[in-house]
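Residue numbers (this note's numbering): -4 to 290.
Written out as structure tokens, the structure reads:
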């Protein structure tokens, strides 16, 4: 599963002023990231506002990203939900031929027991024609997939190859790293913890901030994978303020605020999300100036 090592980005879906997809901006963001070292692209995740894009729009997003990518880096597609049968049906009716992997979020809202989460993902793994990356994000799902459940799935389901862990829980990361099968990948879903996870044995990160400052972020990740902690932490400390800011209000409003000030897309998001406030935009601009990204 070397295609999932390093820096993956949970790519945004840029919108025009009328809320239609800005495909030109999307292609530009893809090219910017690949040229600056990103290892793979995750499409239609939370940051891509997947819950407010239609099935037809998602097909268009894949087409645009695939064309801009031009076979340079692997692509991963997001399909998840709290209706197991509906998730399976979407997997079966979605063309995944261009994808190296499927990212699937732990069931949200329903608050299933650990056995329910296990059985859900066991069914997803069986249905998917491509490798599955589990996605644990308790802050959004209202339930935590415990390490025991993740490790059970890693051992029992051959098609489940990695987990994007985003519980912002260091102890949980370390337990996963301590007990995981050798070929199972632990990917950070927390930008602020990514370097520490990598240095402890993680395979990389699926990042939000990485797509805004890909050169610096991928340099940090690569140095971490090489075990060069001192050099890597120089980048980490430089990026700390901006990383914190983009999650201050909501995601992806923060990262779209960054990309907007860098000239790659508008900061438009679809309801019920709203753009970053003026005060946050000022903070983001100050942080970007400090990093010499803008004047």
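In this text, a Cβ means the ideal position worked out from N, Cα and C, and glycines have one as well.
At which residue ranges does the region 128 to 169 contain complete beta strand (DSSP E) runs of 3 or more residues, listed in the order of the chain?
155 to 160
Fill in: Span separating the alpha-carbon of residue 298 from that of residue 205
This structure gives no information on residue 298, because the portion of the chain shown stretches from -4 to 290.
Worksheet item: Are the region 237 to 250 and the region 268 to 281 touching, with three or more C-beta to C-beta distances below 8 Å?
Response: yes
Q | Local Cβ density within 10 Å of residue 277, reported as buried at 16 or more and exposed below that | A | The sequence position of residue 277 within the chain shown is 282, counting from 1. Exposed, since its Cβ has fewer than 16 Cβ neighbours within 10 Å.
At a cut of 8 Å, does the region 186 to 197 reach the region 3 to 19 through at least three beta carbon pairs? no
*Compute the Euclidean distance between the alpha carbons of residue 75 and residue 266, then round it to the nearest angstrom.*
Position 80 of the chain shown holds residue 75. Position 271 of the chain shown holds residue 266. If I take the Cα positions, the gap works out to 20 Å.
Span of the alpha helix (DSSP H) holding residue 249?
Position 254 of the chain shown, counted from the first residue, corresponds to residue 249. Residues 248 to 256.
### Message
What does the alpha-carbon distance come out to for the pair residue 172 and residue 77?
### Response
What you label residue 172 is simply residue 177 of the chain shown in a count that begins at 1. What you label residue 77 is simply residue 82 of the chain shown in a count that begins at 1. Distance between the alpha carbons of residue 172 and residue 77 is about 27 Å.
| field | Per-residue burial, residue 142 [other beta carbons within 10 Å of its own, 16 or more giving buried] | value | Residue mapping note: residue 142 aligns to position 147 of the chain shown, counting from 1. With 16 or more other Cβ atoms within 10 Å, it is buried.
Exercise. Who does residue 2 pair with in a DSSP beta bridge?
Worked result: In the chain shown, counting from the first residue as 1, residue 2 sits at position 7. According to DSSP, residue 2 bridges with 200.
field: Entirely enclosed beta strand (DSSP E) segments - the region 84 to 130, minimum 3 residues
entry: 96 to 100
- Specify whether the region 88 to 100 and the region 111 to 129 touch according to this definition: at least 3 beta carbon pairs, one from each stretch, less than 8 Å apart. yes
Exposed or buried, what is residue 12 when buried is set at 16 or more other beta-carbons lying within 10 Å of its beta-carbon? Here residue 12 refers to the residue found at position 17 when the chain shown is read from its first residue. That one is exposed.
Can you tell me whether DSSP reads residue 279 as helix, strand or coil?
Residue numbering aside, residue 279 sits at position 284 when the chain shown is read from its first letter. In the structure shown, residue 279 sits in a helix (DSSP, three-state: H, G or I).
**Study point:** Contacts around residue 284, its chain only, beta-carbon distance under 8 Å, and the 5 residues preceding and following it disregarded
**Key:** Position 289 of the chain shown, counted from the first residue, corresponds to residue 284. These residues qualify, in order along the chain: 290.
Practice problem: Could you give the DSSP three-state label for residue 36: helix, strand or coil? | Solution: The count along the chain shown starts at 1 and reaches residue 36 at position 41. In the structure shown, residue 36 sits in a strand (DSSP, three-state: E or B).
Please classify residue 27: does DSSP put it in a helix, a strand, or coil? Locating residue 27 in the chain shown gives position 32, counting from the first residue. Correct three-state label for residue 27: helix.
| said: Let me make sure I understand the geometry here. Which of 8, 238, 260 and 57 has the alpha-carbon closest to that of residue 186? | reply: If you number the chain shown from 1, residue 186 lands on position 191. Of 8, 238, 260 and 57, the residue nearest in Cα terms is 238.
Since residue 190 and residue 227 should fall inside the 8 Å C-beta cutoff, what is the C-beta to C-beta distance between them, to a whole number of angstroms? Taking the chain shown and counting its residues from 1, one reaches residue 190 at position 195. Taking the chain shown and counting its residues from 1, one reaches residue 227 at position 232. That pair is a contact at about 6 Å.
Review point. How about residue 35 and residue -4: do their beta carbons lie closer than 8 Å?
Key: Position 40 of the chain shown holds residue 35. Position 1 of the chain shown holds residue -4. Cβ distance not < 8 Å, so residue 35 and residue -4 don't count as in contact.
Notebook entry, point to check: Going by Cα to Cα distance, which pick from 86, 95 and 7 is closest to residue 0?
Noted result: Within the chain shown, the letter at position 5 stands for residue 0. Ranking 86, 95 and 7 by CA distance to the CA of residue 0 puts 95 first.
- With burial defined as no fewer than 16 other Cβ atoms inside 10 Å of the residue's Cβ, what is the status of residue 153: buried or exposed? Position 158 of the chain shown, counting from 1, holds the residue named residue 153. Residue 153 comes out exposed.
Checklist entry - Quick one: what's got a C-beta closer than 7 Å to residue 87's C-beta in the same chain, skipping five residues either side? => result Numbered from 1 along the chain shown, position 92 holds the residue referred to as residue 87. 122.
Inter-residue Cα distance where the pair is residue 82 and residue 89: Locating residue 82 in the chain shown gives position 87, counting from the first residue. Locating residue 89 in the chain shown gives position 94, counting from the first residue. Taking the CA atoms as reference points, residue 82 sits about 11 Å from residue 89.
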